[in-house]
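Engineer: Structure in structure tokens, see below.
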Ligand code: ADP
Ligand code: MG
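Residue numbers (this note's numbering): 27 to 479.
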């Protein structure tokens, strides 16, 4: 393969990772249209079409881009973004460009999402658990379109927990039922940019008209307009005009309305009038469910139960990272043409695992397992080989290997000075048994959950 061809491949994969790790919205708005210019002397060069985009990408995303590229190409150590107004990558840019404003505004404020609707973000692909069931049900209710059930629907929760996913799902569903409805989705950041552009080009009338003409308006990440006074003001007017006309508004933020500092009280209070639905952090069960559903879609890749439950117990930060972890392992395995093993998983995800380290100790695991099986701790750590003690002991060793960073010899020492081969045997045994013994498999799931902090 030529060097060029190689780079092409790296670029294609890096773009996929950028999409997975930065999220669809950020990707569509800022990264999709970056033009890759090459790599020279360890510096990657990209061209953006405007200084606005260049500055934005430089400030917020160049580190991520670099990290992703380093995984593809270890020789990269810096990222340079230049401005080239003629840069074209074939696709028309999705974000508004002052030089081409009228055409852009039309793309953005169209009857539908146009290119920005991600078909993967549907209600079907959303896995429901305790932490997100209210937000899910409320979103479905909005998408039924029978009436305007609550206005606005305010979705809030930490980053990567599914807010954008639900908003896209609402849009897709509404448009499926009523293709003629005007549905508009945009991030608060984009709203601001549109507004400022309109101000600069003295075209706020058209701006207002376009926004006030929609049946369903969705503004993602409203916390972004905190302390942006004129944008807030405009947002408030737009919002009120729609609500007065009984049009549905859906808003998301990374925190609850009352925690939105830097946004005027009357706006905050107005945002809380409808239904406020929060998405809580995931629990083990939900993470496991999400990974399973993702696995079904990755038919080519063979991913074991062990890897799935390992990821579910260890990548606890958010769903975006969880998906990113799975994608990374699969991409790596495909690239090197080897099956996905636990060792590979640990190695490929080293950095993520460290960042997600929840500091469960072997002591915690031993205590929990003993309690779960109604044993005394001393029995669990004893040399007794009776099945009702030996099996829980093996489970505890297995969980110690899965949930901590400790090595086999270290684990052996903590279990009454056993040899590392004993631990290895226990891990393998439990792993095999999980496939045939569903009650043991249940035990492992329950214990993983109990050990969550
Ligand atoms: P947020 O907007 O809250 O930061 P996103 O909606 O962008 O989060 O979600 C991040 C990623 O996680 C997306 O790829 C999304 O599809 C996925 N995701 C989040 N929650 C779920 C869920 N419950 N089921 C399936 N996928 C989910
Ligand atoms: Mg989002």
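We put the CB at the ideal spot given by N, CA and C, even for glycine.
(1) Verify the contact flag: residue 13, CB atom, against every heavy atom of ligand 2, threshold strictly below 7 Å.
(2) Would you say the beta carbon of residue 345 comes nearer than 7 Å to a heavy atom of ligand 1?
(3) Is residue 366 helix, strand or coil when you go by DSSP?
(4) Determine which residues share a DSSP beta bridge with residue 61 and list them.
(5) Quick check on residue 188: buried or exposed, where buried means 16 or more other Cβ atoms within 10 Å of its Cβ?
(6) Could you give the DSSP three-state label for residue 246: helix, strand or coil?
(7) Identify which residue in 368, 229 and 176 has its Cα closest to the Cα of residue 303.
(8) Is it buried or exposed, residue 56, if we count other Cβ atoms within 10 angstroms and call 16 or more buried?
(9) Using 8 Å for Cβ pairs, my map puts residue 466 next to residue 473. What's the rounded Cβ distance?
(10) Using a Cβ-based criterion (distance less than 7 Å to any ligand heavy atom), does residue 316 qualify as near ligand 1?
(11) Is the stretch 232-246 close to the stretch 144-159, with three or more CB pairs under 8 Å?
(12) Starting from residue 180 and walking both ways along the beta strand (DSSP E), at which residues does that stretch end?
(13) So what does DSSP say about residue 187, is it helix, strand or coil?
(14) Got a sec, what are the start and stop residues for the alpha helix (DSSP H) residue 166 sits in?
(15) Can you tell me whether residue 219 is helix, strand or coil according to DSSP?
(16) Just verifying my parser: in three-state terms, what is the DSSP assignment at residue 114?
(17) Quick one: residues in its chain with C-beta nearer than 7 Å to the C-beta of residue 166, no 5 flanking neighbours on either side, listed in chain order?
(18) Alpha carbon to alpha carbon, what distance is there between residue 253 and residue 101?
(19) Round the Cβ separation of residue 157 and residue 342 to the nearest angstrom and send it over; I've been treating them as touching at under 8 Å.
(20) Can you list, in chain order, the residues of its chain with a C-beta nearer than 7 Å to that of residue 354? Leave out the 5 residues immediately preceding and following it.
(21) What does the Cβ neighbour count give for residue 103, buried or exposed, with the cut at 16 atoms within 10 Å?
(22) Taking its Cβ as the centre, do 16 or more other Cβ atoms sit within 10 Å of residue 38, making it buried, or is it exposed?
(23) Report back the beta-carbon spacing between residue 277 and residue 240 to the nearest angstrom; my notes put them in contact at under 8 Å.
(24) Go ahead and pull the three-state DSSP assignment for residue 135.
(25) Residue 49 and residue 190 - do their beta-carbons sit closer together than 8 Å?
(26) Could you tell me whether the Cβ atoms of residue 61 and residue 94 are closer together than 8 Å?
(27) Note the first and the last residue of the continuous beta strand (DSSP E) segment covering residue 274.
(28) Taking 7 Å as the cut-off, is the CB of residue 190 close to at least one heavy atom of ligand 2?
(29) Taking the straight line between their C-alpha atoms, what separation do you get for residue 206 and residue 366?
Structural biologist: Quick answer:
(1) Any property of residue 13 remains undetermined from this structure, which presents the chain solely from 27 to 479.
(2) Start at 1 with the first residue of the chain shown, and residue 345 comes out as number 319. Under cutoff, so the answer is yes.
(3) The residue labelled residue 366 in the question sits at position 340 within the chain shown. In the structure shown, residue 366 falls within a coil segment according to DSSP collapsed to helix, strand and coil.
(4) As a first step, residue 61 must be located in the chain shown, where it is residue number 35. DSSP, once it has assigned bridges, lists 73 as partnering residue 61.
(5) Looking up residue 188 in the chain shown gives position 162. Looking at its Cβ environment, which holds 16 or more other Cβ atoms inside 10 Å, residue 188 is buried.
(6) Locating residue 246 in the chain shown gives position 220, where the first residue counts as 1. Strand at residue 246.
(7) Residue mapping note: residue 303 aligns to position 277 of the chain shown, counting from 1. Here the closest residue by C-alpha is 176.
(8) By 1-based counting over the chain shown, the position of residue 56 is 30. Per the 10 Å Cβ criterion, buried.
(9) Sequence index remark: in the chain shown, residue 466 carries index 440 (1-based). Sequence index remark: in the chain shown, residue 473 carries index 447 (1-based). Actually they do not touch by this definition, with Cβ atoms about 11 Å apart.
(10) Taking the chain shown and counting its residues from 1, the one referred to as residue 316 is at position 290. Under cutoff, so the answer is yes.
(11) Two segments are said to touch when three or more pairs of C-beta atoms, one from each, lie closer than 8 Å; by this definition the stretch 232-246 does not touch the stretch 144-159.
(12) Residue 180 sits at position 154 when you count from the first residue of the chain shown. Its beta strand (DSSP E) spans residues 179-183.
(13) The sequence position of residue 187 within the chain shown is 161, counting from 1. Assigned with DSSP and collapsed to three states, residue 187 falls in coil, not helix or strand.
(14) Residue numbering aside, residue 166 sits at position 140 when the chain shown is read from its first letter. From DSSP, the alpha helix (DSSP H) with residue 166 extends over 159-170.
(15) Indexing the chain shown from 1 puts residue 219 at position 193. Helix.
(16) Here residue 114 corresponds to residue number 88 of the chain shown, with the count starting at 1. Per-residue confidence for residue 114 stands at a pLDDT of 46, beneath the threshold of 50, marking its modelled position as unreliable; no derived number is given.
(17) Looking up residue 166 in the chain shown gives position 140. The beta carbon of residue 166 lies closer than 7 Å to those of 149 in the same chain, with the five residues before and after it left out.
(18) For the purposes of this step, residue 101 is identified with residue 75 of the chain shown, where counting begins at 1. For the purposes of this step, residue 253 is identified with residue 227 of the chain shown, where counting begins at 1. Taking the straight line joining both Cα atoms gives about 41 Å.
(19) Locating residue 157 in the chain shown gives position 131, where the first residue counts as 1. Locating residue 342 in the chain shown gives position 316, where the first residue counts as 1. Rounded, the Cβ-Cβ distance is 12 Å, inconsistent with contact.
(20) In the chain shown, the residue the question calls residue 354 occupies position 328. A distance below 7 Å between beta-carbons, with the five flanking residues on each side excluded, links residue 354 to the following residues of its chain, in chain order: 374 and 375.
(21) Translated into positions along the chain shown, residue 103 becomes position 77. Label assigned to residue 103: exposed.
(22) Residue numbering aside, residue 38 sits at position 12 when the chain shown is read from its first letter. Burial call: exposed.
(23) Taking the chain shown and counting its residues from 1, the one referred to as residue 277 is at position 251. Taking the chain shown and counting its residues from 1, the one referred to as residue 240 is at position 214. The pair is not a contact, with the Cβ atoms about 14 Å apart (cut-off 8 Å).
(24) The sequence position of residue 135 within the chain shown is 109, counting from 1. Low per-residue confidence applies at residue 135: pLDDT is 35, beneath 50, and the placement is therefore not dependable, though the value from the model is reported in the following sentence. Three-state result, residue 135: coil.
(25) Counting from one through the chain shown, the residue named residue 190 turns up at place 164. Counting from one through the chain shown, the residue named residue 49 turns up at place 23. Taking 8 Å as the Cβ cut-off, residue 190 and residue 49 qualify as a contacting pair.
(26) Counting from one through the chain shown, the residue named residue 61 turns up at place 35. Counting from one through the chain shown, the residue named residue 94 turns up at place 68. Taking 8 Å as the Cβ cut-off, residue 61 and residue 94 do not qualify as a contacting pair.
(27) Translated into positions along the chain shown, residue 274 becomes position 248. It spans 274-279 - the beta strand (DSSP E) in which residue 274 sits, taken as one unbroken run.
(28) Locating residue 190 in the chain shown gives position 164, counting from the first residue. For residue 190, the CB falls within less than 7 Å of some heavy atom of ligand 2.
(29) Locating residue 206 in the chain shown gives position 180, counting from the first residue. Locating residue 366 in the chain shown gives position 340, counting from the first residue. Their backbone Cα atoms lie some 46 Å apart in a straight line.
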